[in-house]
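Q: Chains as they are written, first to last, in our numbering: chain Z, 1 to 431; chain X, 1 to 130. The structure follows.
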Amino acid sequence: MGKQDMATGVTESAAAGWPEHLFRREAGNLVTALAGVFGLHRLEVAEAVVQEALVRALRIWPFHGMPRYPAAWLTQTTKHLALDTIQREANFEHKQQQLIAFMAQWPGRAADSAPLREADIRETRIRLLFACCHPQLSPEAQVALILRVLCGFSAAEIAGAFLIAESAILQRLADARQMLREKPVTLALPDGATLFARREQVLHSLFLLFNEGCKAAGGEALGRATLCLEAIRLAESLVAHPAGDQPRAHALLALMLLNGARLPAPAEGAGNMLRLQEQDRSQWDRGLIARGMFHLARAAASEKLSEYHLQAGIAAVHCAAPSYAATDWAQILELYDQLLAHDDSPHVALNRAVVLAEVAGPQAAIAAVMAIPDLPMLKSHYLLHAVLGELEFRQNNLRAAATYFHTAVQLAEMKSEQLYLTRRLQTCLGQ
Amino acid sequence: MSTDNGFLLIFRSVNWYQDLSPEQMQQVVASWVAWMDRLKEEGKWLGGDAVEREGRMVMGKTRVVSDDPFADAKETLGGYLVLKAESLEEAVLAAQQCPGLSYGVSVEVRPIASKYPRLDDAVLQELTRR
Numbered sequence: 001m002g003k004q005d006m007a008t009g010v011t012e013s014a015a016a017g018w019p020e021h022l023f024r025r026e027a028g029n030l031v032t033a034l035a036g037v038f039g040l041h042r043l044e045v046a047e048a049v050v051q052e053a054l055v056r057a058l059r060i061w062p063f064h065g066m067p068r069y070p071a072a073w074l075t076q077t078t079k080h081l082a083l084d085t086i087q088r089e090a091n092f093e094h095k096q097q098q099l100i101a102f103m104a105q106w107p108g109r110a111a112d113s114a115p116l117r118e119a120d121i122r123e124t125r126i127r128l129l130f131a132c133c134h135p136q137l138s139p140e141a142q143v144a145l146i147l148r149v150l151c152g153f154s155a156a157e158i159a160g161a162f163l164i165a166e167s168a169i170l171q172r173l174a175d176a177r178q179m180l181r182e183k184p185v186t187l188a189l190p191d192g193a194t195l196f197a198r199r200e201q202v203l204h205s206l207f208l209l210f211n212e213g214c215k216a217a218g219g220e221a222l223g224r225a226t227l228c229l230e231a232i233r234l235a236e237s238l239v240a241h242p243a244g245d246q247p248r249a250h251a252l253l254a255l256m257l258l259n260g261a262r263l264p265a266p267a268e269g270a271g272n273m274l275r276l277q278e279q280d281r282s283q284w285d286r287g288l289i290a291r292g293m294f295h296l297a298r299a300a301a302s303e304k305l306s307e308y309h310l311q312a313g314i315a316a317v318h319c320a321a322p323s324y325a326a327t328d329w330a331q332i333l334e335l336y337d338q339l340l341a342h343d344d345s346p347h348v349a350l351n352r353a354v355v356l357a358e359v360a361g362p363q364a365a366i367a368a369v370m371a372i373p374d375l376p377m378l379k380s381h382y383l384l385h386a387v388l389g390e391l392e393f394r395q396n397n398l399r400a401a402a403t404y405f406h407t408a409v410q411l412a413e414m415k416s417e418q419l420y421l422t423r424r425l426q427t428c429l430g431q
Numbered sequence: 001m002s003t004d005n006g007f008l009l010i011f012r013s014v015n016w017y018q019d020l021s022p023e024q025m026q027q028v029v030a031s032w033v034a035w036m037d038r039l040k041e042e043g044k045w046l047g048g049d050a051v052e053r054e055g056r057m058v059m060g061k062t063r064v065v066s067d068d069p070f071a072d073a074k075e076t077l078g079g080y081l082v083l084k085a086e087s088l089e090e091a092v093l094a095a096q097q098c099p100g101l102s103y104g105v106s107v108e109v110r111p112i113a114s115k116y117p118r119l120d121d122a123v124l125q126e127l128t129r130r
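What follows is the structure in structure tokens.
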């Protein structure tokens with residue numbers, strides 16, 4: 001979280017002993033819960049109430065110390081502020097008394113110290129997730145909305161992770177809220193064929209969220225794994241719900257867990273295929289791998305293999321390999337061939353070529369790269385040049401390799417990537 | 001100058017926290033709590049509290065009450081604490097550790113007057129010069 005620390009001037013050590021991400025998690029949970037009470041058309045009110053509760057904590061806690069049950073404190077404060085809001089706002093109309101009566105009992109237990117429990121919002125979270133993935137919203141807007149509403153990220157943090165302007169994210173969120181309000185979208189789950197289509201959309205958005213997290217872009221502002229872990233959390237609640245408990249969803253969760261387990265430490269930079277070789281496999285998260293294998297097994301209940309299945313399968317082979325050299329490359333290549341049949345994007349083809357190098361040698365791999373139909377689309381991407389550099393290097397064509405690495409350095413966006421590529425370039429130049 | 005009654009630390013701020021993300025807020029509040037907890041542990045904390053943003057101002061012979069006395073003020077009162085310190089310098093040193101300073105919070109440090117106050121150094125100098 002380097003950037004954030006610089007912005008706020010706060011060291012992470014100050015937060016020692018605090019539940020990790022307490023505020024962000026509670027913000028997501030409380031907005032979710034309030035959205036369930038207020039309705040989607042008043043999503044902004046829910047967000048504002050929760051923000052105010054956090055501000056209260058900020059103003060009051062220093063003088064009294066952290067409450068013994070901080071989550072319960074935030075829940076109770078949110079409750080009081082929500083009641084105030086409902087009472088003050090005239091446009092809650094005829095529902096006002098009903099809402100007041102409901103909120104007075106919220107979150108449903110007598111003790112005044114009761115925090116919001118997982119059970120309180122499990123259902124609303126899934127409904128909200130499905131609503132956020134409404135087909136009228138672009139996938140980018142869906143992801144931004146999920147991160148803002150369900151996960152408690154600020155627009156600035158989302159913008160930082162996606163390397164786009166904060167104003168663009170704010171606009172995206174405002175448009176999304178407006179669409180939900182005007183459509184109007186309810187929190188009822190779709191049924192029948194609509195449910196299937198919407199679930200696909202949810203899976204796609206979570207996949208997009210996870211990939212953004214893995215990408216170099218996610219790195220510096222939020223901490224690389226942050227978005228990936230959020231995607232995993234959401235996918236886990238999805239498969240735990242009847243509306244999401246499907247083999248494809250399990251496959252998606254498996255691929256997230258099996259890839260997430262191998263995410264490199266922030267200092268190591270982005271994890272592309274080329275760098276797998278230098279990774280310390282003892283650092284892989286065995287717990288995540290075990291969970292991933294479990295969901296991969298659940299995913300096998302389906303007759304049809306989706307691209308989620310195939311990608312999870314590829315990740316599983318990597319996870320099962322004791323070393324880079326001892327990896328079952330032939331099996332990975334086969335999975336990539338199947339994946340290409342689903343998704344003939346040049347990025348998949350490029351990764352397949354890296355695998356092909358392990359099975360058939362660098363020359364065959366270079367030929368495969370050159371034969372990628374949409375190769376020009378990759379020209380501006382550093383990875384193409386990095387891959388070609390690596391393949392030429394393995395053939396001992398050091399000059400050609402150096403030229404590729406040189407281009408790759410110019411195109412790489414992340415500092416850690418640039419450092420790695422510069423190192424490779426220097427090796428080629430004999431420095 | 002007597003230091004027996006301690007020092008009043010007055011925290012004023014603009015609404016600097018409105019643009020913080022929850023994650024940032026947690027970091028900020030954690031550092032504030034840690035700072036104040038440390039003062040308590042060191043026995044330097046004699047009292048203090050946060051105050052609400054809304055209040056009333058009562059003024060003048062007509063005892064006029066205004067709702068929003070701070071409407072034009074850029075900074076509003078956030079809270080106060082009473083600090084035990086051996087000298088104004090020590091109190092200032094403590095105030096300089098306030099984590100809020102990085103976010104535009106200002107801390108005013110004032111010795112609390114005793115019943116039979118002694119003369120300020122500055123006043124003493126002024127008097128002896130005459």
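Ideal Cβ placement from N, Cα and C applies to all residues, glycine included.
1) Given this structure, state the Cα-to-Cα distance separating Ala401/Z from Thr226/Z, to the nearest angstrom.
2) Output needed in chain order: residues of the stretch 31-50 of chain X with a Cβ under 7 Å from some Cβ in chain Z.
3) Taking C-beta pairs closer than 8 Å, name the residues in chain X that Trp73/Z reaches, listed in chain order.
4) Between the stretch 99-108 of chain Z and the stretch 40-53 of chain Z, do three or more beta carbon pairs fall short of 8 Å?
5) Within the same chain, show all residues whose beta-carbon is closer than 6 Å to that of Phe162/Z, passing over the 5 residues directly before and after it, in chain order.
6) For chain Z, find out if any of its Cβ atoms is closer than 8 Å to the Cβ of Gly79/X; answer yes or no.
7) Going by DSSP in three states, Glu52/X sits in which element: helix, strand or coil?
8) Can you pull the chain X residues whose beta carbon is under 7 Å from the beta carbon of Val55/Z, in chain order?
9) So if I threshold CB-CB distances at 9 Å, which residues from the stretch 153-177 of chain Z count as touching chain X?
10) Got a sec? Which residues, its chain only, sit under 7 Å from Leu481/Z by beta carbon, not counting five neighbours each side?
11) Between the stretch 28-38 of chain Z and the stretch 75-83 of chain Z, are three or more C-beta pairs nearer than 8 Å?
12) Measure how close the beta-carbons of Val366/Z and Leu335/Z come, nearest whole angstrom, since I'm counting them as under 8 Å.
13) Should Ala412/Z be listed as close to the ligand GDP, given that the test is whether its C-beta is under 7 Å from any heavy atom?
14) Consult DSSP for Arg68/Z and reduce its assignment to one of helix, strand or coil.
15) Sort Gly6/X, Gln125/X and Val14/X by Cα distance to Tyr103/X and report the nearest one.
16) Starting from the Cα of Gly65/Z, find the closest Cα among Met36/X, Ala91/X, Thr62/X and Thr76/X and give me that residue.
17) Taking Gln125/X as the query, report the chain Z residues whose CB atoms sit under 7 Å from its CB, ordered along the chain.
18) Between which two residues does the beta strand (DSSP E) containing Arg281/Z stretch?
19) Would you report the Cα separation of Leu384/Z and Leu40/Z, rounded to the nearest angstrom?
20) Return helix, strand or coil for Thr62/X, following the three-state DSSP convention.
21) Name the residues in the stretch 52-63 of chain X whose C-beta lies less than 9 Å from a C-beta of chain Z; which are they?
22) Distance, Cα to Cα, Gln395/Z vs Pro362/Z?
23) Which residues, taken in chain order from the stretch 104-119 of chain X, show a beta carbon closer than 9 Å to some beta carbon of chain Z?
24) Compare the C-alpha of Ala312/Z against each of Lys183/Z, Phe207/Z and Asp280/Z and name the closest.
25) According to DSSP, simplified to helix, strand and coil, what is Tyr420/Z?
26) Residues in its own chain within less than 8 Å of Leu339/Z by CB, not counting five upstream and five downstream?
27) Check the Cβ of Arg122/Z against every Cβ in chain X and list those closer than 9 Å, keeping chain order.
28) Would the stretch 136-143 of chain Z count as touching the stretch 159-176 of chain Z if we require 3 or more Cβ pairs under 8 Å?
29) I'd like to know whether the C-beta of Ser21/X is nearer than 8 Å to at least one C-beta of chain Z.
30) Which value, in whole angstroms, describes the spacing of the CA atoms of Pro135/Z and Arg148/Z?
31) Could you spell out the range, first to last residue, of the alpha helix (DSSP H) harbouring Arg12/X?
32) Name the chain X residues whose beta carbon is nearer than 8 Å to that of Pro62/Z?
33) If you compare alpha carbons, which of Val107/X, Cys98/X, Leu9/X and Leu20/X is closest to Trp32/X?
34) Just mark Tyr404/Z as buried or exposed, buried being the case when its beta carbon has 16 or more other beta carbons within 10 Å.
35) I want to know whether the stretch 81-88 of chain X touches the stretch 42-50 of chain X - three or more CB-CB distances under 8 Å.
A: Looking at the atomic coordinates:
1) As a first step, residue 401/Z is located in the first sequence; it is residue number 401 there, counting from the start. As a first step, residue 226/Z is located in the first sequence; it is residue number 226 there, counting from the start. Roughly 34 Å between the two C-alpha positions.
2) Ser31, Trp32, Val33, Ala34, Met36, Asp37, Gly48, Asp49 and Ala50
3) Against the first sequence, residue 73/Z aligns to sequence position 73. The premise fails here: Trp73/Z is roughly 12 Å from chain X at the closest Cβ pair, so nothing lies under 8 Å.
4) no
5) Here the question's residue 162/Z lines up with position 162 in the first sequence. Result list for Phe162/Z: empty, nothing under 6 Å.
6) Residue mapping note: residue 79/X aligns to position 79 of the second sequence, counting from 1. Judged by the 8 Å Cβ criterion, Gly79/X is in contact with chain Z.
7) Mapped onto the second sequence, residue 52/X falls at position 52. Three-state DSSP puts Glu52/X in coil, outside helix and strand.
8) Counting from 1 along the first sequence, the entry for residue 55/Z is found at position 55. Within chain X, the residues near Val55/Z are Tyr17.
9) Phe153, Ser154, Ala155, Ala156 and Glu157
10) Residue numbering for chain Z in the displayed model covers 1 to 431; residue 481/Z lies beyond these limits and cannot be assessed.
11) yes
12) Locating residue 366/Z in the first sequence gives position 366, counting from the first residue. Locating residue 335/Z in the first sequence gives position 335, counting from the first residue. According to the sequence provided, residue 366/Z is Ile. The question's Val does not apply to it. No, Ile366/Z and Leu335/Z are not in contact; Cβ-Cβ is about 22 Å, not under 8 Å.
13) Among the components of this structure there are no ligands whatsoever, and the ligand GDP is therefore not found.
14) By one-based count along the first sequence, residue 68/Z stands at place 68. Looking at Arg68/Z - three-state DSSP - the assignment turns out to be coil, as it is neither helix nor strand.
15) Walking along the second sequence from the start, residue 103/X turns up at place 103. For the residues Gly6/X, Gln125/X and Val14/X, the minimum Cα distance to Tyr103/X belongs to Val14/X.
16) The residue you call residue 65/Z lines up with position 65 of the first sequence. For Gly65/Z, the nearest C-alpha among the options comes from Met36/X.
17) Residue mapping note: residue 125/X aligns to position 125 of the second sequence, counting from 1. Taking a Cβ-Cβ cut-off of 7 Å, Gln125/X has no neighbours in chain Z, whose nearest Cβ is about 38 Å from it.
18) One-based indexing of the first sequence puts residue 281/Z at position 281. Where Arg281/Z is concerned, there is no enclosing beta strand (DSSP E), given that its DSSP letter is neither H nor E.
19) Residue 384/Z sits at position 384 when you count from the first residue of the first sequence. Residue 40/Z sits at position 40 when you count from the first residue of the first sequence. Distance between the alpha carbons of Leu384/Z and Leu40/Z is about 44 Å.
20) Within the second sequence, numbered from 1, the residue matching residue 62/X stands at position 62. In the structure shown, Thr62/X sits in coil (DSSP, three-state: anything other than H, G, I, E or B).
21) Glu52 and Arg53
22) In the first sequence, residue 395/Z corresponds to position 395, counting from 1. In the first sequence, residue 362/Z corresponds to position 362, counting from 1. Roughly 7 Å separates the two Cα atoms.
23) none
24) For the purposes of this step, residue 312/Z is identified with residue 312 of the first sequence, where counting begins at 1. Comparing Cα-Cα distances from Ala312/Z to each of Lys183/Z, Phe207/Z and Asp280/Z, the minimum goes to Phe207/Z.
25) As a working mapping, residue 420/Z is identified with position 420 in the first sequence. The answer is helix: DSSP assigns Tyr420/Z an H, G or I state.
26) Against the first sequence, residue 339/Z aligns to sequence position 339. Excluding residues within five positions, the ones whose Cβ falls inside 8 Å are Glu307, Leu310, Gln311, Ile314, Val348 and Arg352.
27) Translated into positions along the first sequence, residue 122/Z becomes position 122. Within 9 Å Cβ-Cβ: nothing; Arg122/Z doesn't reach chain X, min ~21 Å.
28) yes
29) To locate residue 21/X, count along the second sequence from 1; it is residue 21. Taking Cβ atoms only, chain Z reaches closer than 8 Å to Ser21/X, which makes this a yes.
30) Locating residue 135/Z in the first sequence gives position 135, counting from the first residue. Locating residue 148/Z in the first sequence gives position 148, counting from the first residue. Distance between the alpha carbons of Pro135/Z and Arg148/Z is about 18 Å.
31) Counting from one through the second sequence, the residue named residue 12/X turns up at place 12. Note, Arg12/X: premise wrong, no alpha helix (DSSP H); beta strand (DSSP E) at Phe7 to Ser13.
32) Numbered from its first residue, the first sequence carries residue 62/Z at position 62. In chain order: Val29, Trp32, Val33, Trp35, Met36, Ala50 and Gly79.
33) Position 32 of the second sequence, counting from 1, holds the residue named residue 32/X. Scanning Val107/X, Cys98/X, Leu9/X and Leu20/X for the CA closest to the CA of Trp32/X turns up Cys98/X.
34) On the first sequence, residue 404/Z is found 404 positions in, with the first residue counted as 1. Buried: at least 16 other Cβ atoms inside 10 Å.
35) yes
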